[in-house]
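Comments concern the structure below.
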Amino acid sequence: MILITGGAGYIGSHSAIDFIKQGYDVVILDNLSTGHNEIIERIRNFSLKEEVKGTLVDFINADIKDTYALNVLFNTYKIDCVVHFAANSLVNESVANPRKYYDNNVAGSINLLNAMVENNVKKIVFSSTCATYGEPEYIPIDEKHPQKPVNPYGNTKLAIEFAIKDYAKAYGLKYTIFRYFNVIGADFDGISGEWHNIETHLVPNILKANENKVFKLFGENYETKDGTCVRDYIDVCDLARAHTLAFEYLKENISTIINLGTGDGQSVKEIFEAVEKTLNRKIPIKKYGRREGDPAKLIANTALAKDIIDWEAKTPLDISIKNANEWEKTLKSLNAPNSKQKTGENFSKEAIL
Ligand code: UDP
């Protein structure tokens, strides 16, 4: 059985879906602070379909800092591997409120690792980030690139990487650490997609633009092909599949650290134009100055992912855009004021009351 922390969030839910599609039984732990109970319900409904091989065995609404909940969980289910996504991930928020990030990301992950050690759970797949590299010294960025994060979010992810490596040496854990580049897209069956109460990411912000709300393009004077920032945009379903492969690899093999990206760079303008073309829609745009802390260019070297877990990105950009657009439509109905569905935030507030 696989434990997925943060499985009600964007990337965690897609990983849960992929494990279930591949026939694994999954337990999700999430405190619903940024994740959504409706996503859990959607995964559950999907996993109940006759043709679906795996199952969502349980959803535990708890925090990774909750030692009691973790011990009960590890005593109840025989967990073969923890796939650890639960984290706060807004760069600006991490600068304004580092305490929250050290508390939830670092202290929370240490608590999870301790519970794993206590309960003899030996495998972890960890969701890290290219933000641990900081300003790139060379492109494409391989896994040996120096790690010098430039914000508290990146620092907390790097701190957890260190902890995992030290725990592995001392307590015999095996790990895969994935460093993600820019994740986009949504599930092919429409089960999940990007759903942040504060949306900062490029593709959903382009898709959400309308006559009342322009898309804000941040910075046109970078040293790149067209002056806008270049990123490596990887589809969330491809990314999710890498986690399933990592678990299978870990059963027989040693620990590794792997970048997940496409190896290809797209500028903000190119993504914007691709959305307009794919959806045959004119999107209102307004040009702004640079957003603080944005490096000009981030592209992954993905050779190791191919070598080690035989993984590479497959989904073309236009398909990721179409899936993300379909999900935006679903999101409108989930967010509608008369919807019976509740947001994760409301749910957790009600749970506290
Ligand atoms: N971006 C933008 N408008 C937005 C959101 C993002 O111009 O509404 C730009 C951002 O400045 C960066 C790129 O799109 O150059 C990718 O940003 P995102 O937040 O999606 O990912 P990041 O690379 O910051 O993790």
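Under our numbering, read the sequence shown as residues 1 to 353, first letter to last.
From the three backbone atoms N, C-alpha and C, an ideal C-beta is built for every residue, glycine too.
Exercise for the section: Please determine if the stretch 240-256 and the stretch 288-303 are in contact, where contact requires at least 3 C-beta pairs separated by less than 8 angstroms. Expected result: Because the criterion of three Cβ pairs below 8 angstroms is not met, the stretch 240-256 and the stretch 288-303 do not touch.
Handout entry: Contact set for V121: own chain, Cβ-Cβ below 7 angstroms, skip 5 residues either direction
Key = Cβ contact annotation for V121 (same chain, cutoff 7 angstroms, sequence separation greater than five): F74, I79, V82, in chain order.
Exercise for the section: Determine the DSSP secondary structure at F272, reduced to helix, strand or coil. Expected result: Correct three-state label for F272: helix.
Practice task
For the beta strand (DSSP E) containing H84, list its first residue and its last residue.
Solution key: Per DSSP, H84 belongs to the beta strand (DSSP E) from 81-84.
Problem - Alpha-carbon spacing of G6 relative to E223, whole angstroms - result: CA-CA distance, G6 to E223, rounds to 36 angstroms.
Handout entry: Pair within 9 angstroms by beta-carbon distance, I164 and I184
Key = In this structure, I184 does not lie closer than 9 angstroms to I164 by Cβ.
Exercise for the section: Inspect the beta-carbon positions of D63 and G108 and report whether they are closer than 9 angstroms. Expected result: A contact, by the Cβ cut-off of 9 angstroms.
Exercise for the section: Determine the direct distance from the alpha carbon of K100 to that of N346, and round the result to whole angstroms. Expected result: Bear in mind that a pLDDT of 34 at N346, under 50, signals an unreliable position, so the model cannot answer this.
Exercise for the section: Please indicate yes or no: does the CB of K122 lie closer than 8 angstroms to some heavy atom of ligand 1? Expected result: The answer is no for K122.
Exercise for the section: Measure the beta-carbon distance from G172 to P149 and round it to whole angstroms, keeping in mind my assumption that it falls under 8 angstroms. Expected result: G172 to P149, Cβ: 28 angstroms. No contact.
Exercise for the section: Put A300 into one of helix, strand or coil per three-state DSSP. Expected result: Three-state DSSP puts A300 in a strand.
Exercise for the section: Going by CA-CA distance only, name the one from F126, I139, L279 that's closest to G263. Expected result: Check the Cα spacing between G263 and each of F126, I139, L279: the tightest is with I139.
Practice task
Assign N120 to one of three DSSP states: helix, strand, or coil.
Solution key: Here DSSP, grouped into helix, strand and coil, assigns N120 to coil.
Exercise for the section: Whole angstroms is fine: what's the gap from W311's alpha carbon to G219's? Expected result: Approximately 33 angstroms between the Cα atoms of the pair.
Handout entry: Cβ neighbour criterion (16 or more within 10 Å) applied to T76
Key = Only exposed fits T76, as fewer than 16 other CB atoms lie within 10 angstroms of its CB.
Handout entry: Close Cβ partners of A69 (< 8 angstroms) along its chain, the five nearest in sequence each way excluded
Key = Result list for A69: L29, I60, A62, D63, in chain order.
Exercise for the section: Look up K329 in the DSSP assignment and say whether it is helix, strand or coil. Expected result: Helix at K329.
Practice task
Note down, in chain order, each residue of its chain lying with its Cβ closer than 6 angstroms to the Cβ of K340, except the 5 sequence neighbours on either side.
Solution key: Interpretation of K340 is limited by its pLDDT of 49, a score under 50 that renders its predicted location unreliable; the figure taken from the coordinates is listed afterwards. Taken in chain order, the list of residues that qualify is empty.
Exercise for the section: List in chain order: all unbroken alpha helix (DSSP H) runs of 4+ residues lying wholly within the stretch 112-190. Expected result: Within the stretch 112-190, the alpha helix (DSSP H) runs of at least 4 residues that lie entirely inside it are, in chain order, 152-171.
Exercise for the section: Give every residue of the same chain whose Cβ lies closer than 6 angstroms to the Cβ of K277, excluding the five residues on either side of it in the sequence, and list them in chain order. Expected result: By the criterion of a C-beta distance shorter than 6 angstroms, K277 is surrounded by no residue of its chain, once the five residues flanking it on both sides are discounted.
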